Every structure is written in C-alpha cells, then in structure tokens.
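In my numbering, the protein residues as written are 5 to 79.
Yeah, the Cβ is synthetic: ideal placement off N, Cα and C, and Gly gets one too.
Keep in mind that this is a model prediction, so the values were computed, not measured.
Only one structure is covered here, and it is reproduced in the block below.
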C-alpha cells in the first residue's frame with residue numbers, strides 16, 4: 005500500500021469533519037465562547053485542507069455559481 009501526502013490530508017479532513025459534526029450536535033446552551041471559537045478554528049482548518057482537492061474545487065465552483073445567481077437576481 006502506497007502512502008502519499010494526499011491520503012494523509014484526506015484522512016485528517018475526514019477526522020476533522022467527524023469532530024465538527026460531533027461538536028455541533030451538542031446543545032447550544034451548553035457551549036461556552038471558547039468552545040464556539042474552537043469549533044470555528046476547526047472548521048477553518050477543514051476548509052484549508054479541502055480547498056486544494058478536487059472536491060474543494062467543485063464546492064468552490066458551486067458556491068461561485070450560487071453567488072453569481074444571487075447577484076443576478078438582485079439586479
């Protein structure tokens with residue numbers, strides 16, 4: 005089995021996604037400000053890991069088309 009940097013990145017991204025889902029399942033009242041900030045940092049780290057992948061590029065294209073559609077509709 006060959007190990008490359010891309011597989012490690014994807015595995016870390018999956019781990020971060022699981023952590024995010026686990027953290028967001030908690031009730032809002034039970035979260036402190038520090039807890040919310042930590043969740044934001046984890047989400048940003050996930051975004052940085054996903055961005056250079058083909059999946060990240062696809063998400064960026066979809067969001068760009070959505071934003072373009074919204075701006076066209078508002079005119």
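Roughly how far, in whole angstroms, is the beta-carbon of residue i from the beta-carbon of residue j, given that I think they are within contact range, below 8 Å?
| i | j | result |
| --- | --- | --- |
| residue 24 | residue 50 | 7 Å |
Note down, in chain order, each residue of its chain lying with its Cβ closer than 7 Å to the Cβ of residue i, except the 5 sequence neighbours on either side.
| i | result |
| --- | --- |
| residue 47 | 24 |
| residue 22 | none |
| residue 2 | No statement about residue 2 is possible, as the shown extent of the chain runs from 5 to 79 and does not include it. |
| residue 60 | 54 |
| residue 76 | none |
| residue 29 | none |
Which first and last residues belong to the alpha helix (DSSP H) in which residue i is found?
| i | result |
| --- | --- |
| residue 59 | 58–78 |
| residue 2 | Because the chain spans 5 through 79 in this model, residue 2 falls outside it and cannot be assessed. |
Using a Cβ-Cβ cut-off of 8 Å (strictly less than) and excluding sequence neighbours within five positions of residue i, which residues of its own chain qualify?
| i | result |
| --- | --- |
| residue 152 | Absent from the structure is residue 152, since the part of the chain shown begins at 5 and ends at 79. |
Can you tell which of the options has its C-alpha closest to the C-alpha of residue i?
| i | options | result |
| --- | --- | --- |
| residue 15 | 38, 44, 27 and 57 | 57 |
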